[in-house]
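Chains as they are written, first to last, in my numbering: chain R, 1 to 116; chain E, 1 to 112.
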């Protein structure tokens, strides 16, 4: 059971380049999230999805797009990378919350992205 | 989601109990209190969550005040491996959306 897997783990981009970060989960979770974490700060929500084919904006969505074509995958895209997008990106997934059901989120190990 | 306030940092001697406070004075009736921790630069790890009652699991205990405006995470016997940033999060369920909104957390340093 792999849990939440992020690809790639490290990447260096030039300003203006595009790339896609892949998040895959094998726990049949409905919810998936993308966060970014800058040095000395907590995680900030970029986008999230409550099910296959759905996406929604989080706190800091500008400059990013997402897609959830398959339930197990959540893709984060940067169309034109900027130095301000240098960060560590974390993906997470969880069950659909229902009453007092155990609904903790499981996180991937992160993707370190540097935009130069 | 309700905002949370935590101390920036705390120290704890190994073997002693670590008590991490969190204020969430604007919490609503359907909002749960969650605790996560992040060790070094790894992905956050779930610790415990609760609504009204105190909770205990193999990792920690969660004490929520009767008015639910604050809570305390207790690590009963802290070890060096518990050194991490601890996040207190208030999570709401609205039927179609549920978000985890992280603050800056408390950096716990466990020392010999």
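Ideal placement from N, C-alpha and C gives every residue a C-beta, glycine not left out. Given the structure is predicted, the values throughout are model-derived calculations rather than measurements.
key: Per-residue contacts from residue 88 of chain R into chain E (C-beta, under 9 Å)   = 41
ask   = By the criterion of Cβ-Cβ separation under 7 Å, what are the contact partners of residue 107 of chain R in chain E?
value = 43, 44
task = Using a Cβ-Cβ cut-off of less than 7 Å, list which residues of the stretch 61-86 of chain R approach chain E; keep chain order.
result = Within the stretch 61-86 of chain R, no residue has its Cβ closer than 7 Å to any Cβ of chain E.
inquiry  = Assuming contact is defined by CB atoms lying nearer than 8 Å, are residue 12 of chain R and residue 108 of chain R in contact in what I supplied?
reply    = no
ask   = At least one CB of chain E closer than 8 Å to the CB of residue 27 of chain R: is that the case?
value = no
key: DSSP state of residue 76 of chain E mapped onto helix, strand, coil   = coil
request  = Flag this pair as touching only if the stretch 17-35 of chain E and the stretch 64-82 of chain E have three or more C-beta atom pairs under 8 Å; answer yes or no.
outcome  = yes
request  = Tell me the start and end of each unbroken beta strand (DSSP E) in the stretch 35-63 of chain E that is at least 3 residues and wholly inside, in chain order.
outcome  = Segments of the beta strand (DSSP E) lying fully in the stretch 35-63 of chain E: 45-50.
ask   = How is residue 38 of chain R classed by DSSP in three states: helix, strand or coil?
value = coil
Cα-Cα separation, residue 83 of chain E to residue 8 of chain E = 14 Å
ask   = Would you say residue 45 of chain R faces chain E, with C-beta separation under 8 Å as the test?
value = yes
ask   = Does DSSP put residue 21 of chain E in a helix, in a strand, or in coil?
value = strand
task = Taking 8 Å as the cut-off, decide whether the C-beta atoms of residue 23 of chain R and residue 65 of chain R are in contact.
result = Taking 8 Å as the Cβ cut-off, residue 23 of chain R and residue 65 of chain R do not qualify as a contacting pair.
key: residue 53 of chain R: contacting residues in chain E (beta-carbon distance under 7 Å)   = By Cβ distance, chain E contributes nothing, its closest Cβ being about 14 Å from residue 53 of chain R, past 7 Å.
inquiry  = For a cutoff of 8 Å on Cβ pairs, would you count residue 32 of chain R as touching chain E?
reply    = no
message = Can you check whether the C-beta of residue 41 of chain R is within less than 8 Å of a C-beta belonging to chain E?
response = yes
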